[in-house]
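Q: Numbering (this note's numbering), first residue to last: 23 to 235. Let me give you the structure first, and then I'll get to my questions.
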């Protein structure tokens with residue numbers, strides 16, 4: 023049976039504290055507003071991709087005002103893709119984050135309506151990569167082919183609001199004090215042991231990642 027990993031911020035931790043360490047090389051930010059027909063789009067899936075190979079670096083969703091913000095990025099060349107039900111997939115132009123330009127605003131994200139095919143329509147039910155619930159964000163791990171061959175820690179690092187530093191310490195929306203549950207049971211591992219466990223767990227062993235705040 024595949025596992026479900028849940029993360030939430032808490033003032034009291036079960037047996038360990040995960041430290042946040044300043045990373046001078048992770049100061050990059052990317053933001054923007056998703057619109058369609060002059061209206062903002064809520065819950066659009068926004069993926070930050072490496073420009074050289076289009077591999078996923080981070081995934082987030084737009085808020086009710088269509089805004090998204092991705093932080094704690096290292097310098098490099100990127101592009102952004104945006105998906106929303108009923109709209110064609112959008113790709114930005116490539117851009118670069120550097121020591122002299124650590125923040126980039128993706129302008130003019132205006133989604134177009136998806137083309138309609140009237141002949142031989144086949145409806146296939148497929149889980150979305152990101153599901154936005156009232157109290158949590160759910161990442162359906164199997165929904166992305168880029169997760170094939172990845173470790174659980176690598177999948178976690180791509181997930182909305184999650185940051186993992188070079189030592190494997192996890193923060194949620196910039197906050198330390200992250201409680202990690204596997205199949206609803208709290209992990210009592212220290213930060214280093216938890217990171218090692220997730221590195222040794224493959225993505226195909228995961229069903230979902232639940233992110234709660």
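All residues carry an ideal CB built from backbone N, CA and C; glycine is no exception.
Compute the distance between the beta-carbons of residue 179 and residue 170, then report whether it is under 8 angstroms.
A: Cβ distance not < 8 angstroms, so residue 179 and residue 170 don't count as in contact.
Q: Taking only the alpha-carbon atoms, compute the straight-line gap between residue 209 and residue 176 and give it to the nearest angstrom.
A: If you take the alpha carbons of residue 209 and residue 176, they lie about 18 angstroms apart.
Q: Thinking C-alpha only, which one of 110, 53, 115 is nearest residue 76?
A: Among 110, 53, 115, the Cα nearest to that of residue 76 belongs to 115.
Q: Could you give the residue range of the beta strand (DSSP E) that holds residue 221?
A: Unbroken run through residue 221 is the alpha helix (DSSP H), 213 to 221; no beta strand (DSSP E).
Q: Within the same chain, show all residues whose beta-carbon is closer than 8 angstroms to that of residue 227, passing over the 5 residues directly before and after it, in chain order.
A: Contacts found: 24, 25, 174.
Q: Any idea what DSSP makes of residue 168, helix, strand or coil?
A: Correct three-state label for residue 168: helix.
Q: Output needed for residue 203: all residues of its chain with C-beta closer than 6 angstroms, excluding positions within five of it in sequence on either side, in chain order.
A: Around residue 203: 28.
Q: Leaving aside the five residues before and after residue 149 along the sequence, list all residues of the same chain whose C-beta is less than 6 angstroms from its C-beta, in chain order.
A: Contacts found: 162, 165.
Q: Out of 201, 222, 110, 205, which one is the CA nearest neighbour of residue 212?
A: Ranking the options by Cα distance to residue 212, first place goes to 201.
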